[in-house]
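Number of protein chains: 2
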Amino acid sequence: MSIMTTTSPQGRTELLRPDGSPVRVLVVDDEMSITELLSMALRYEGWQIRSAGDGTGAIQTAREFRPDAVVLDMMLPDMDGLTVLGRLRRELPDVPVLFLTAKDAVEDRIAGLTAGGDDYVTKPFSLEEVVARLRGLIRRSGAADRRSDSVLVVGDLTLDEDSHEVSRAGEGIHLTATEFELLRFLMRNPRRVLSKAQILDRVWSYDFGGQANVVELYISYLRRKIDAGREPMIHTRRGAGYLIKPAAS
Amino acid sequence: MSIMTTTSPQGRTELLRPDGSPVRVLVVDDEMSITELLSMALRYEGWQIRSAGDGTGAIQTAREFRPDAVVLDMMLPDMDGLTVLGRLRRELPDVPVLFLTAKDAVEDRIAGLTAGGDDYVTKPFSLEEVVARLRGLIRRSGAADRRSDSVLVVGDLTLDEDSHEVSRAGEGIHLTATEFELLRFLMRNPRRVLSKAQILDRVWSYDFGGQANVVELYISYLRRKIDAGREPMIHTRRGAGYLIKPAAS
DNA sequence: TGCGTTTCTCAGGGAAATCACAGGTTGCCG
DNA sequence: CGGCAACCTGTGATTTCCCTGAGAAACGCA
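So the protein lines, in turn, are chains V and Y. The first sequence begins at 58 in the numbering used here and counts up one residue at a time. The second sequence begins at 58 in the numbering used here and counts up one residue at a time.
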């Protein structure tokens, strides 16, 4: 299965299958709130989502739905995550899997999970992170020539999702992990106003309980690094949110 | 059967058959978890994988699948590894074989086997090691002139997978086995951030149960030998992982 | 068996990142 | 023009992550 990309009129880059149909993703988690959250976010990417609450359902759905990627919680009620993985692999040998795992479980039995090019994120995750990892997995599982797709460009600002490198007008810029995710979210939605609530929901983990003004703070950080002494690209829409756009226009 | 190479847009070098179709590898082991792990990793190399759980199945599959290489566990339920080898050889006289053997198993019998150009690794192995050995076997079994493919180059740093020689700016550097494998993995993925989990999964043996900070430790060793007093090539992306890139950029 | 090498654990130090808080600034509306 | 709400940003506490020295254990080789 090879995967193509196209750019929608809104300027968002989408992954598509060769026949133009949407990418299909299977989400497996026993907590309904999590599958809901993920389904919502992934549908917003333009993908087609199916979900399952246990291993048995996952296998069944996979067989019939034939997803291009799977999001799989390692902690399921009926069977071990590794067992599910094995059976999934029998059905869909080449499908990449994104594992969800508890933060403190990382050490002991992650062994081998990422070996086949798969990936994992720890709970609690941020939606941007899940989406980014999934995009990476799907891109790499598909046919060749997807190099350019890992680079986001807005005006003279570029962000490479593989190397995590960011530069404006050719000059490299160092960003922290949170700054990077925030900028990625902005750049994936250029010229679109994003509310603080949206940003908080996508960039911060779903269990974040802090003050909402972290967004303001990190926008401030980003401006210092990206807009410093230049024509600003990050703009405030008072009462609405923030947006990024090329400096020229 | 001659084997060609090509370089994908991701910068990874792939082995291909002359007609452009993927290399075919047969994996034979009675432990399902091992065949799964290997299949996953080898598929990620872009190869086509078939697996068998015993000697009988191996012969059958080999006859029909006609692999370019075979990974063969010496300890199979139904017959001796040597017997399987003999029958395989009848079917596929020129196909190279990579033996899997327990660490404490008879070294002397193996010694004779590798004389024919075959190779072996001991369990528990690291995936990087298996992949590297297989690549070597396949390259050497194919048409000549694949010498250059065994050398990885990133900036002024070179690593020869055949001779295990490493040098930076022409100056030879001695690395231990683990350091070598870690550097190889980094250099096979230049300019790409690799997480500690990914590194552990590929470079350390699949049964490694230790602390994740061995990766930090070995990165530290590598830096001392490779970046010492020079423009650094190994970079930390805090919260994400490590990457290697030419010093220039 | 004995010795050098390699691998790995453990723990302390230190740097970086994250975030709360609070005071200052800006823009909007009456 | 005054007042309020929204936003910006400096400061510093806390946490998290990373680095590395020291030494124990395992390994390899003669």
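Every residue gets a Cβ at the ideal spot worked out from N, C-alpha and C, and that includes glycine.
Cα-Cα separation, residue i to residue j
| i | j | result |
| --- | --- | --- |
| residue 86/V | residue 132/V | 8 Å |
| residue 362/Y | residue 235/V | No information on residue 362/Y is available, as it lies outside the stretch 58 to 306 that chain Y covers here. |
| residue 109/V | residue 102/Y | 30 Å |
| residue 201/V | residue 161/Y | Caution applies to residue 201/V, whose pLDDT of 29 falls short of 50 and renders its modelled position unreliable; the value that the coordinates give is listed next. The straight-line gap from Cα to Cα measures roughly 42 Å. |
| residue 233/Y | residue 197/Y | 25 Å |
| residue 193/Y | residue 119/Y | 20 Å |
| residue 231/Y | residue 238/Y | 13 Å |
| residue 209/Y | residue 216/Y | 5 Å |
| residue 73/Y | residue 256/V | 45 Å |
| residue 151/Y | residue 195/Y | 11 Å |
| residue 93/Y | residue 213/Y | 37 Å |
| residue 98/Y | residue 188/Y | 8 Å |
| residue 145/V | residue 293/Y | 34 Å |
| residue 275/V | residue 281/V | 10 Å |
| residue 245/Y | residue 265/Y | 22 Å |
| residue 240/V | residue 279/V | 8 Å |
| residue 67/Y | residue 249/Y | Its pLDDT being 47, under 50, residue 67/Y is placed unreliably by the model, and the measurement read from it follows with that caveat. Each residue's alpha carbon lies about 9 Å from the other. |
| residue 170/Y | residue 76/V | 49 Å |
| residue 225/Y | residue 243/Y | 15 Å |
Residue i, buried or exposed, once every other Cβ within 10 Å from all chains shown has been counted against 16
| i | result |
| --- | --- |
| residue 221/Y | exposed |
| residue 301/Y | buried |
| residue 203/V | Note on residue 203/V: pLDDT 46, under 50, position unreliable in the model; the coordinate value appears next. Residue 203/V comes out buried. |
| residue 218/Y | buried |
| residue 155/V | buried |
| residue 185/V | buried |
| residue 80/V | buried |
| residue 211/V | buried |
| residue 290/V | buried |
| residue 139/Y | exposed |
| residue 173/V | buried |
| residue 175/V | buried |
| residue 183/V | buried |
| residue 134/Y | exposed |
| residue 229/V | exposed |
| residue 205/V | Only weak support is given to the placement of residue 205/V: the predicted model assigns it a pLDDT of 42, under 50, and the value that follows is read from those uncertain coordinates. Result: exposed. |
| residue 286/Y | exposed |
| residue 254/V | exposed |
| residue 296/V | exposed |
Beta bridge counterpart(s) of residue i as assigned by DSSP
| i | result |
| --- | --- |
| residue 126/V | 82/V |
| residue 215/Y | 210/Y, 224/Y |
| residue 156/V | 129/V, 177/V |
| residue 294/Y | 298/Y |
| residue 137/Y | 132/Y |
| residue 105/Y | 81/Y |
| residue 277/Y | Per DSSP, none; premise fails for residue 277/Y. |
| residue 230/V | 223/V |
| residue 362/V | Residue 362/V cannot be examined here, being either before or after the span of chain V that is shown, 58 to 306. |
| residue 251/V | 299/V |
| residue 90/V | DSSP lists no partner for residue 90/V. |
| residue 262/Y | 183/Y |
Contact with chain Y by residue i, beta-carbon distance below 7 Å
| i | result |
| --- | --- |
| residue 239/V | no |
| residue 171/V | yes |
| residue 224/V | no |
| residue 231/V | no |
| residue 286/V | no |
| residue 267/V | no |
| residue 227/V | no |
| residue 143/V | yes |
Proximal chain V residues relative to residue i, where beta-carbon distance stays under 7 Å
| i | result |
| --- | --- |
| residue 255/Y | 171 |
| residue 98/Y | 172, 173 |
| residue 93/Y | 143, 146 |
Closer than 9 Å at the beta carbon, the chain Y residues around residue i
| i | result |
| --- | --- |
| residue 234/V | 294, 295, 296, 297 |
Chain-ordered neighbours of residue i on chain V, where CB pairs are closer than 9 Å
| i | result |
| --- | --- |
| residue 244/Y | In chain order: nothing, as chain V lies at least about 14 Å away. |
| residue 186/Y | Those do not exist, as residue 186/Y stays about 12 Å from chain V at its closest Cβ, beyond 9 Å. |
Per-residue contacts from residue i into chain Y (C-beta, under 8 Å)
| i | result |
| --- | --- |
| residue 220/V | 248, 249, 250, 300, 302 |
| residue 177/V | 254 |
Residue i at chain V interface by Cβ criterion, 7 Å
| i | result |
| --- | --- |
| residue 72/Y | no |
| residue 258/Y | yes |
| residue 275/Y | no |
| residue 101/Y | yes |
Interface partners of residue i on chain Y, CB under 7 Å
| i | result |
| --- | --- |
| residue 206/V | Ordered by position in chain Y, no residue passes the 7 Å Cβ test against residue 206/V, which lies about 10 Å from the chain. |
| residue 151/V | 100 |
Chain-ordered chain V contacts of residue i [CB-CB under 8 Å]
| i | result |
| --- | --- |
| residue 89/Y | 143 |
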